[in-house]
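First comes the structure, then the notes that go with it.
Residue numbers (my numbering): -19 to 305.
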């Protein structure tokens, strides 16, 4: 309990098993981008004091990690300078009881991209992660009959929809691996063949499906929900996608990774070409307030959005000054 475990995997069933295995142990999941430069991964490993990494065999980026002093669980093979554990060794180990944790203990650390400076580690607890999963299930009516497409990489916060909300609903999660995502027509073929009922991604990926995904040639009648967030979805392209998928509901998801999600906006009709799609209204256990430069509440004017919610992070990893700010 409390150990940070790096999950350095592309989206796969092994990645899902790794994440939930770490949580069962009471340890803290730290998703790492397997395509990131080794120096970036090594920096995050050291900042989190990660001593165990779950990764793929033969990763060309593993060599420099030896200096970080990690033990690596891999699918097979040996990496010079790093103690490794192969999958068949793990199969021989009897699972222990779940690690003792409270709902206020950290569950996972999601690192920001660092586009505005050095990456920040967003620490979510079992409470905030579980409440996000519960509110997602409630808001979108997810259940055991749903089949959720998992397209977001583990280190991107949209993956929490597949990792936690899907299992909370008893739904099936269908992995859409990176090789499939490179070809929009392959993605829509996978959605049709797997009878996907729920999809969540950034609008830019949906726009690729609209342009080159042969949507008009696919039977996507099972698709109940298309959720999008993280970027603005241009109204014209959103309206075109809604026209091609008349039986599908669309919803704008809003919320920085620090709160997982805080608002939603279900679209009942397609937006006009020049219409701005709103971020919507707060979901349950959430309060929003817009304030001016003096931190006074304002209405009908631009301001800063404050969020109080059950899905909020505990703080930034090992960064009390930024957390306090």
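All C-beta atoms, glycine included, are put in the ideal place defined by N, C-alpha and C. Note that the coordinates shown come from a computational prediction; the quantities given were computed from them, not determined experimentally.
Mapping DSSP to helix, strand and coil, what is residue i?
i	result
residue 267	strand
residue 259	coil
residue 178	strand
residue 183	helix
residue 231	strand
residue 212	coil
residue 222	helix
residue 161	helix
residue 147	helix
residue 250	coil
residue 239	helix
residue 207	strand
residue 12	coil
residue 277	strand
Can you give me the Cβ contacts of residue i inside the same chain, cut-off strictly under 8 angstroms, excluding the 5 residues immediately before and after it?
i	result
residue 255	215
residue 279	270
Terminal residues of the continuous alpha helix (DSSP H) containing residue i?
i	result
residue -4	-7 to 4
residue 67	67 to 71
residue 166	164 to 173
residue 109	106 to 120
residue 22	18 to 28
If you drop the 5 nearest sequence neighbours on each side, which residues of the same chain put their C-beta closer than 7 angstroms to that of residue i?
i	result
residue -5	-13, -11 and 134
residue 307	In the structure displayed, the chain extends from -19 to 305; residue 307 sits before or after that span and is not available.
residue 85	105 and 106
At what residues does the beta strand (DSSP E) containing residue i begin and finish?
i	result
residue 132	It is not in any beta strand (DSSP E) - residue 132 carries neither H nor E in the DSSP assignment.
residue 194	Taken as a continuous stretch (DSSP letters only), residue 194 belongs to no beta strand (DSSP E), as it is neither H nor E.
residue -14	-16 to -12
residue 285	284 to 289
residue 75	Run containing residue 75: none; DSSP gives neither H nor E here.
residue 87	86 to 91
What is the C-beta distance between residue i and residue j, in whole angstroms, given that I count them as a contact (C-beta under 8 angstroms)?
i	j	result
residue 128	residue 146	5 angstroms
residue -1	residue 143	6 angstroms
residue 270	residue 262	Residue 270 to residue 262, Cβ: 12 angstroms. No contact.
residue 108	residue 303	Not a contact, Cβ separation roughly 14 angstroms.
residue 224	residue 196	6 angstroms
residue 212	residue 253	That pair is no contact at about 14 angstroms.
residue 8	residue -16	5 angstroms
Skipping 5 residues on each side, what residues in its chain have a beta carbon closer than 6 angstroms to that of residue i?
i	result
residue 152	127
residue 102	90, 237, 238 and 293
residue 204	177
residue 231	207, 244 and 246
residue 120	205
Between residue i and chain C, is the shortest Cβ-Cβ distance under 7 angstroms, so that the two count as touching?
i	result
residue 168	Considering every chain present, this structure includes no chain C. It has just one protein chain.
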